[in-house]
Amino acid sequence: MPFLARPRKTHLLYAPFLFSLRPTHTRAFTKNVISITTATTSPEAYQNLGFLLRNCKTIDQLKQIHSLTIQKGLALDVSVYSKIISLCSTSRGGDMEYARHVFDKMLEPNVFLWNTMIKGYSRINCPNDAVSLYKEMLEKNVKPDNYTFPFLLKGFNRDISVECGKGIHGHICKFGFDCNEFVQHSMIHVYCLCGLINMARKVFDTSAKGDVIIWNTMISGHNKTGQFQESRKLFDEMEEKQVLPSLVTLVSVLSGCSELKDLDYGKRVHQYVKDGRIESNLTLNNSLINMYAACGQMNVALGIFCDMKDRDVISWTTIIKGFVSIGQVDQAREYFDLMPQRDSISWTAMIDGYLKMNQFKDVLLLFREMQAANVKPDGFTIVSILGACANLGALELGEWVRAYTEKYKIENDVYVGNSLINMYFKCGEVEKARMMFHKMPRKDKFTWTAMIVGLAINGHGREALNMFAYMLDALETPDEITYIGVLGACTHSGLVNEGRSFFISMTTKHGIEPNVVHYGCMVDLLGRAGQIKEAYKVIKDMPMKPNTIVWGALLGACRVHKDVEMAEKAAKQLLQLEPENGAVYVLLCNIYAACKKWDNLRDLRNIIMQRGIKKTPGCSLIEINGSVHEFVSGDKSHPQCQAIYLKLEEMTEDLKLAGYLPNTSEVFLDIGEEEKENAVNRHSEKLAIAFGLMSSSPGTVIRIVKNLRMCVDCHHVAKLLSKIYERKLIVRDRTRFHHFRQGSCSCKDYW
DNA sequence: TTAGGGTTAG
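Here my numbering is used: the first sequence runs in plain steps of one and ends on residue 753.
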């Protein structure tokens with residue numbers, strides 16, 4: 003600041019400073035500045051200084067006056083220091099370093115100044131500095147007053163609340179401020195921050211509760227910890243005590259209603275607006291839309307949306323989310339296309355809609371549009387995209403997404419990490435999933451569960467169970483889905499006794515009552531191990547009505563172990579639940595064919611024809627150079643169709659040279675043997691393999707995702723091909739992975 | 001003190 007070096011030319015150097023003042027102040031300021039520059043330490047100079055300080059509006063003005071007083075050797079009194087410190091601490095462009103500098107020059111700052119400094123640190127979100135200053139204050143025997151604690155606690159974040167919250171509470175009691183309403187309010191805020199909701203509630207319950215803000219804080223605290231019922235109870239209590247809720251109260255309570263999908267209560271809150279007791283604004287209207295949308299009342303939500311004077315991007319996104327939640331993704335898209343502007347949240351809401359409806363290709367298409375629109379994806383978007391990659395088995399794209407998050411420094415939190423683990427497993431990349439897991443700085447229940455499930459479906463049952471043991475060591479609590487993974491690990495590796503004992507311990511050790519899916523796992527476990535009667539007994543004894551998963555598991559076991567009698571029982575039950583389920587007929591046909599029950603097969607085929615039952619077409623996906631190609635059985639729609647069929651012929655020749663005989667035992671069409679061979683030969687996974695072989699360089703892994711179970715013939719062919727062409731083939735079918743290498747499969751032919 | 005988005009199975 004050159005003017006400090008040349009004080010005599012003050013009138014010129016101060017020019018920019020003077021221009022920044024409002025016109026009404028200009029004359030007085032000019033006069034006073036000049037009088038300071040000309041006078042010495044006369045009483046008049048001090049008077050002028052007081053005037054200047056009272057009227058200065060910005061930190062810059064203040065600093066200039068301060069430097070001037072130093073120049074002139076004016077001794078400052080406490081009121082001047084106070085003015086400097088409070089302006090630096092509390093104004094918008096404040097300067098805490100400057101405030102601290104001045105503060106440290108003071109011999110015995112009073113409690114007001116300590117408080118002001120603490121308030122300043124809280125305002126700039128430096129709670130650690132505020133706490134050290136508070137400690138310093140105590141060391142210098144300055145007693146805190148009723149302002150100290152609210153100022154101190156206002157700036158607390160979660161970390162420091164956990165670290166010092168309780169200690170500060172002790173001080174509050176010691177200094178006798180535990181009954182001060184403002185202090186109580188701050189305490190509730192801090193306890194809510196660190197999740198100690200019961201402590202917050204204790205403070206709240208002893209407070210006078212006269213002010214609506216304290217109610218709002220408590221309701222918001224309950225919301226943050228997911229205790230929405232408690233929020234509603236408090237709202238009831240407010241009505242009883244005739245405390246008029248504010249707009250904020252209604253927004254918070256509505257948020258709870260949305261979570262609980264409690265339409266009746268939501269309507270009661272809405273009544274406050276309808277009766278004119280609370281005047282609505284944009285936020286409240288958005289909350290109302292969200293509540294009605296969450297409760298599936300899209301017509302009401304749209305009614306409010308249409309009546310609103312102003313709508314923002316949140317209003318639009320809430321409508322989109324509403325349609326997505328009731329599965330009307332096309333309606334959601336209509337509104338999405340109409341939006342005047344979209345941010346990353348709106349894009350993600352729409353992308354997520356496609357993901358929830360299993361429209362994975364639309365997910366990727368919309369993601370490309372999002373990039374073309376120059377909207378930067380964030381962690382939430384990445385999670386959705388990785389979900390689509392996982393479902394499509396699109397490893398290349400998944401890898402690209404990972405590189406993208408690293409390059410653009412998208413927050414790589416536990417959600418993104420979990421999604422990456424899941425994506426790698428669903429693409430059969432076990433090693434990369436493991437690496438991801440070890441790299442994650444924070445792991446949660448979902449991380450462990452993703453590992454257990456992923457290892458299990460990829461055939462590493464033992465490792466999955468070890469992972470479960472580590473999870474318990476890490477004091478992470480398993481949930482019902484973790485146990486589905488654990489039981490699946492036992493099933494896929496044939497660990498029957500372990501499975502039985504886990505089924506018992508999930509209740510005895512973790513209080514998780516098995517649901518219908520867990521019973522399905524047990525039926526699968528026992529059935530695949532050949533204990534079909536025991537499996538049937540599980541179904542008979544289970545406390546709920548068995549569903550299609552349970553009977554389907556039994557039917558699958560009957561196929562593996564060729565148990566016609568039990569298969570018929572299971573199929574009958576399945577068809578009662580889902581008369582149009584083509585897969586059941588197919589499986590039963592497979593079993594009749596495999597057991598050479600030709601009469602039964604013929605009868606069943608007739609029934610299929612009469613009822614017009616359609617089989618779900620087999621469909622295989624393969625990703626080549628970042629594009630996903632889809633094949634159905636006998637597909638001729640691919641642009642490179644001719645070359646694919648040529649490759650298929652070449653493949654068949656090579657297979658026959660290696661001693662391959664087609665296995666048509668699972669073909670139940672009423673056609674000749676040659677046609678059966680033809681049909682088997684055109685299964686979707688064989689077309690995908692042929693395409694993979696011709697489109698990728700030697701030695702690369704071929705990955706395929708199939709919607710149905712692999713047939714015996716395709717499984718056999720894949721094993722042979724892995725040896726003939728020295729290629730690793732990974733096929734993900736409906737329930738598990740097959741890693742084909744050197745002529746054998748990771749499933750040990752047990753699927 | 002307030003409104004819109006994400007992870008595990010079948």
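Built from N, CA and C at the ideal position, the CB exists for glycine as well.
- Using a Cβ distance threshold of 7 Å, Lys447 and Glu478 count as a contacting pair.
- Under the DSSP assignment, Lys85 falls outside any beta strand (DSSP E), being part of the alpha helix (DSSP H) whose first and last residues are Val80 to Thr92.
- If only complete runs of 4 or more residues are kept, the region 304 to 374 shows the alpha helix (DSSP H) at 315 to 327, 331 to 340, 346 to 358 and 362 to 374, in order along the chain.
- Rounded to whole angstroms, Lys74 and Ile67 show a C-alpha spacing of 10 Å.
- Contact between Val144 and Val104 is ruled out by a C-beta separation of about 17 Å, above the 8 Å threshold.
- Counting along the chain, the unbroken beta strand (DSSP E) around Val630 starts and ends at Ser629 to Val634.
- Cβ-Cβ separation between Met546 and Val519: approximately 11 Å, too far for a contact (criterion under 8 Å).
- The three-state secondary structure of Leu731, taken from DSSP, is strand.
- Nearest to Leu109 by C-alpha distance, out of Val80, Ser88 and Pro129, is Val80.
- In this structure, Ala466 lies near Ala458, with their beta-carbon atoms less than 7 Å apart.
- Of the other Cβ atoms in all chains shown, fewer than 16 fall within 10 Å of the Cβ of Ser507; this residue is therefore exposed.
- Across the set Gln244, Ile534, Gln231 and His191, the C-alpha of His191 shows the shortest separation from the C-alpha of Gly223.
- Under the DSSP assignment, Cys175 falls in the alpha helix (DSSP H) whose first and last residues are Arg160 to Lys176.
- In the three-state reduction of the DSSP assignment, Lys539 falls in the helix class.
- Taking Leu155 as the centre and dropping the five residues before and after it, the same chain places the C-beta of Ser188 and Val192 closer than 6 Å to its C-beta, in chain order.
- Going by DSSP, Ile615 is part of no alpha helix (DSSP H) at all; its letter is neither H nor E.
- Between Ile328 and Gly298, the C-beta spacing is below 7 Å.
- Here DSSP, grouped into helix, strand and coil, assigns Ile706 to strand.
- Within the DSSP secondary-structure output, Cys713 pairs in no beta bridge.
- Looking at Lys363, His631, Ala452 and Asn182, the one whose alpha-carbon comes closest to that of Gly490 is Ala452.
- DSSP places Arg743 outside any alpha helix (DSSP H); the residue lies instead in the beta strand (DSSP E), whose first and last residues are Phe739 to Arg743.
- By the Cβ neighbour-count rule, Pro443 is exposed, with fewer than 16 other Cβ atoms within 10 Å of its own.
- Leu284 sits away from Asp309, with the two beta carbons spaced by 7 Å or more.
- Leaving aside the five residues that flank Ile726 on each side, the residues in its chain whose CB is nearer than 6 Å to its CB run, in chain order, Asp656 and Ala660.
- In this chain, Ile412 is not harboured by any alpha helix (DSSP H), its DSSP state being neither H nor E.
- Here Gly324 is not near Met341, since their CB atoms are 7 Å or more apart.
- Look at Ser697 here: in three-state DSSP terms it is helix.
- The beta carbons of Cys166 and Val133 sit closer together than 7 Å.
- Distances from the alpha-carbon of Asn627 to those of Arg736, Leu590 and Phe693 put Phe693 closest.
- Collapsing the DSSP output to three states places Ser248 in coil.
- Cβ neighbours of Tyr426 within its own chain (closer than 7 Å, five residues either side excluded): Lys434, Ala435 and Met438.
- Residue environment for Leu140: exposed (fewer than 16 other C-beta atoms within 10 angstroms of its C-beta).
- Shown here, Ile126 sits in coil according to DSSP, grouped into three states, outside any helix or strand.
- In the pairwise beta carbon analysis, the region 604 to 614 is classified as not touching the region 340 to 357: fewer than three pairs are separated by under 8 Å.
- Inter-segment contact for the region 586 to 606 and the region 639 to 654 is absent: fewer than three beta-carbon pairs are separated by less than 8 Å.
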